[in-house]
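Asker: Okay, here's the structure, questions in a sec.
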Amino acid sequence: MNLKSFWPLLMAALLVGGCATSPVPTTSPADVGETRPGSGYLKGYLAQAEQPDSLALLPPPPEAGSAALAADVAAFRSLTALQGTPRGALAVRDANLRFPQAASTFSCALGVQISEQRTPHLNMLLRRTLADAGGATYKAKEKYQRTRPFVMLKTGSCTPKEEAHLAKDGSYPSGHSALGWAWALVLTEIAPERTDALLQRGRAFAQSRGICGVHWRSDIEAGRLIGAATVSRLHANPVFTAQMAAARQEVAQARSRADSAPPAAECTAEASVISGAASLAP
């Protein structure tokens, strides 16, 4: 075979091989499967061994009598004072990780309504990264078994029905904060023109856990680190990157439709309550 005939055949083989191995991301929950049967939470993109090691990445939580714990307590007092306010109501909403309700969390920040019907790839992206980022916190959670603030300080939380479960679950780091920050980072790649609004919403989502009284300030900050580490790791997963590309196309197409924007009044109200608490740590 001469070189003139060899190179076209080689390039054709590479193209065919690339097409054969390109992942096709599913939007079917039944195809993905649940983390536990009946839980409603879908499996992530990463195997457990592929998740970031939160125990290796994080220092121990603040010790009793330390300045860091005093800062945690001070933040708890200022944040939980918002319970019963419009910002507190948003914190209650942020506590709900169940889909389809949780799909709308970032709709205002994105400027596009997110749902299984309207944006199936984006909806699946959020559902699966929830498991990845939340699951990555558990090595540290199980090691430290930190007591949650509403238990230690003998107060209530903004989600009383969840208190019995939360009291048995380690507080450090915050799983909600990890997955909320992961969502925010993923969405900034899908819609970079909305970066500021998306990151502000991601920070507020994490801050909501302090307002609810179920996480310390240091839990929330550590959770965001694990969320960022998870997103970095996800970029090596071909199914994740393919689903992100499909979600990016969905959002671009949705922006061309007048009915894709979330209700303006709701988004204005959300932005107002978030900005009102923006000066509070964390």
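Going letter by letter, the sequence shown gives residues -22 to -1, 1 to 260 in mature numbering (1 follows the signal peptide of the UniProt record, and there is no 0).
By construction, the Cβ of each residue, glycine as well, lies at the ideal position given by its N, Cα and C atoms.
In this text the structure is predicted, and so the values were computed from the model without any measurement.
Measure the alpha-carbon distance for Ile168 versus Val2 and round it to whole angstroms.
Answerer: Taking the first residue of the sequence shown as position 1, residue 168 is located at position 190. Taking the first residue of the sequence shown as position 1, residue 2 is located at position 24. Cα to Cα, Ile168 sits roughly 18 Å from Val2.
Asker: Please report the Cβ distance between Ser155 and Arg126, rounded to the nearest whole angstrom; I am assuming they are in contact, meaning their Cβ atoms lie under 8 Å.
Answerer: Translated into the one-based positions of the sequence shown, residue 155 becomes position 177. Translated into the one-based positions of the sequence shown, residue 126 becomes position 148. Not really, about 13 Å apart at Cβ, beyond 8 Å.
Asker: By the three-class DSSP mapping on this structure, what secondary structure does Leu36 have?
Answerer: Start at 1 with the first residue of the sequence shown, and residue 36 comes out as number 58. Of the three classes helix, strand and coil, the one that applies to Leu36 here is coil, per DSSP.
Asker: Using the C-alpha atoms, what's the distance from Tyr122 back to Ile92?
Answerer: Working through the sequence shown from its first residue, we reach residue 92 at position 114. Working through the sequence shown from its first residue, we reach residue 122 at position 144. For Ile92 and Tyr122, the distance between alpha carbons rounds to 36 Å.
Asker: What's the call for His99, buried or exposed, on a 16-neighbour Cβ count within 10 Å?
Answerer: Within the sequence shown, numbered from 1, the residue matching residue 99 stands at position 121. Per the 10 Å Cβ criterion, buried.
Asker: Out of Ala206, Phe77 and Gly188, state which residue places its alpha-carbon closest to the alpha-carbon of Ala256.
Answerer: Against the sequence shown, residue 256 aligns to sequence position 278. Nearest of Ala206, Phe77 and Gly188 to Ala256, Cα basis: Gly188.
Asker: Beta-carbon separation of Thr107 and Glu228 under 8 Å?
Answerer: For the purposes of this step, residue 107 is taken as the residue at position 129 of the sequence shown. For the purposes of this step, residue 228 is taken as the residue at position 250 of the sequence shown. The answer is no: Cβ separation not under 8 Å.
Asker: Using the three-state DSSP reduction, which class does Glu41 fall into: helix, strand or coil?
Answerer: Along the sequence shown, one-based indexing puts residue 41 at 63. It is coil, neither helix nor strand.
Asker: Leaving out five residues on either side along the sequence, give the residues of the same chain with a beta carbon under 7 Å from the beta carbon of Pro40.
Answerer: As a first step, residue 40 must be located in the sequence shown, where it is residue number 62. Excluding positions up to five away in sequence, the list reads Ala46, Leu47, Asp50 and Ser196.
Asker: Taking 8 Å as the limit between beta carbons, can you name the residues of its chain near Glu12, skipping five residues before and five after?
Answerer: For the purposes of this step, residue 12 is taken as the residue at position 34 of the sequence shown. Around Glu12: Gly18, Tyr19, Leu20 and Lys21.
Asker: Return the Cβ separation of Phe84 and Arg179 in integer angstroms, given the expectation that the two are a contact with Cβ distance under 8 Å.
Answerer: For the purposes of this step, residue 84 is taken as residue 106 along the sequence shown, with counting starting at 1. For the purposes of this step, residue 179 is taken as residue 201 along the sequence shown, with counting starting at 1. With 8 Å as the limit, Phe84 and Arg179 qualify as a contact, their Cβ atoms being about 6 Å apart.
Asker: Can you grab the Cα-Cα spacing for the pair Arg172 / Gly89, in whole Å?
Answerer: Here residue 172 is taken as the residue at index 194 of the sequence shown, counted from 1. Here residue 89 is taken as the residue at index 111 of the sequence shown, counted from 1. Near 8 Å, if we compare the C-alpha coordinates of Gly89 and Arg172.
Asker: Would you give the residue range spanned by the alpha helix (DSSP H) that Thr208 belongs to?
Answerer: Here residue 208 is taken as the residue at index 230 of the sequence shown, counted from 1. Where Thr208 is concerned, the enclosing alpha helix (DSSP H) stretches over Arg195 to Leu212.
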